[in-house]
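Engineer: In my numbering, the protein residues as written are 3 to 116.
No residue lacks a Cβ here, since even glycine has one placed at the ideal position from N, Cα and C.
Bear in mind that the values here come from a model prediction, so they are computed numbers and not experimental data.
Here you go, one structure.
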């Protein structure tokens, strides 16, 4: 099921919880996950009732970086103008907290200072 929904979102009051949901792949970033993160960031920025986002990973891993199996098939987990995982080149305007639980490897630790 998680392959069908690579990113889950949940609203708790003014908080948008964004969960990377590919535990069978250690939440490795593929194009679908990148699009899901970008959509969640768009939602965070557009919804005036939300003031902060928390991004986390399902299954005991935050993110293991790029999905190398997808990469070998020619897939890139980057969105033009948004960057790796739909986030690194265009971070949200509102605060985003990384709730890292478990491994955060390679691109799973990539960030952009603003």
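Hey, could you find the ends of the beta strand (DSSP E) residue 124 is sitting in?
Structural biologist: Any question about residue 124 goes unanswered here, given that the chain covers just 3 to 116.
Engineer: Which residue wins for smallest C-alpha separation from residue 89, given the options 44, 12, 29, 18?
Structural biologist: Among 44, 12, 29, 18, the Cα nearest to that of residue 89 belongs to 44.
Engineer: If you measure between the beta carbons of residue 59 and residue 18, is that distance less than 8 Å?
Structural biologist: Going by C-beta atoms, residue 59 is not nearer than 8 Å to residue 18.
Engineer: Only counting runs of 3 or more residues, tell me where the beta strand (DSSP E) segments fall wholly within the segment 36-115, in order along the chain.
Structural biologist: Listed in chain order, they are 54-59, 63-65, 98-100.
Engineer: Looking only at its chain, what residues have a beta carbon closer than 7 Å to the beta carbon of residue 106, apart from the 5 residues adjacent to it on each side?
Structural biologist: Closer than 7 Å at the Cβ level, and outside the excluded window around residue 106, lie 64, 65.
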